[in-house]
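Sequential numbering from 11 applies to the sequence shown in my numbering.
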Amino acid sequence: MGSLDDFKAELIALLPRLQRYARNSSFSESDAEELLQATCLRALEKHSQYQPGTNFDRWAFTIMSSVRKNHLRSIRPQESLSEVEHTLISTDNNEANTLHAQILAKLHTLPLAQKQVMLLVYVEGFSYQEAADIIDVPIGTVMSRIARARTTLAERLQ
C-alpha cells in the first residue's frame, strides 16, 4: 500500500467493520457516526505514519480507540438496543434470536472497559494481544476484563 489512493481503498474496505464496532461500542447512533468520522479523518491525516506490510485493520482500530478515549466525556448511557443490533438478529430462529438479543442487551450493561474488549475479541475477531495493542493495555488486562465480562454475562443470563 504505497499510494494515498491505495490507502483510501484499504480504509474504505475496512469501513463496515469500523462502523459496526463504533455502533456497538457507542451509546447512540450519532455518537457512533461521530466516532467513525473522526477516526477516518485522523487516519487520513496520519496516513503517512502507516507502515506498509503491517496490519492495517489493527492500525485503524487503534486510531478509533484513541479517538474514542478522547471523546468519552460526551457519551451518554444507552437505554435500549440500537437499530444496528436489531438488524443483526435474523428472523430464522426465534429461540436463537431471543438468546442473541438477551446477550446483546446484557453486553451493553457491562462496564465500558469490559464491553470494549468483548467487542474487539468476539465481534471483530482480534486476538487478545491485538486487542491489548489497540486499546493500549497489557494483555493480562484484556484477559482479566474478558474473564470478568464472561462471568457477569453468565450470571445475568441465568
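Cβ atoms here follow ideal geometry from the backbone N, Cα and C, with glycine treated the same way.
In this text, all values refer to a predicted model and were calculated from it rather than measured experimentally.
Please go through the same chain and pick out, in chain order, the residues whose beta-carbon is closer than 8 Å to the beta-carbon of residue i, but skip the five residues on each side of it.
i    : result
I156 : Q124, V127, M128, V131 and Y138
R52  : I73, S76 and V77
A70  : L21, L24, L28, T49 and A53
Hey, could you find the ends of the alpha helix (DSSP H) residue i is sitting in?
i    : result
L24  : L14 to S35
G150 : I149 to L167
K125 : L122 to M128
Q139 : Y138 to I145
S40  : E39 to E55
Report yes if the CB atom of residue i is closer than 9 Å to the CB atom of residue j, and no otherwise.
i    : j    : result
Q163 : L120 : The amino acid occupying residue 163 in the given sequence is Leu; Gln does not appear at that position. Cβ distance < 9 Å, so L163 and L120 count as in contact.
L54  : K79  : no
V152 : N34  : no
With a CB to CB cut of under 6 Å and the five nearest residues on each side skipped, what residues in its chain are close to residue i?
i    : result
F66  : E20
A159 : L120, Q124 and M128
Q47  : none
I'd like the list of long-range same chain contacts for residue i, defined as Cβ closer than 7 Å, with 5 residues on each side in sequence excluded.
i    : result
I144 : R68, F71, T72, S75, L130 and F136
E140 : R68
Using 8 Å for Cβ pairs, my map puts residue i next to residue j. What's the rounded Cβ distance?
i    : j    : result
I113 : L167 : 7 Å
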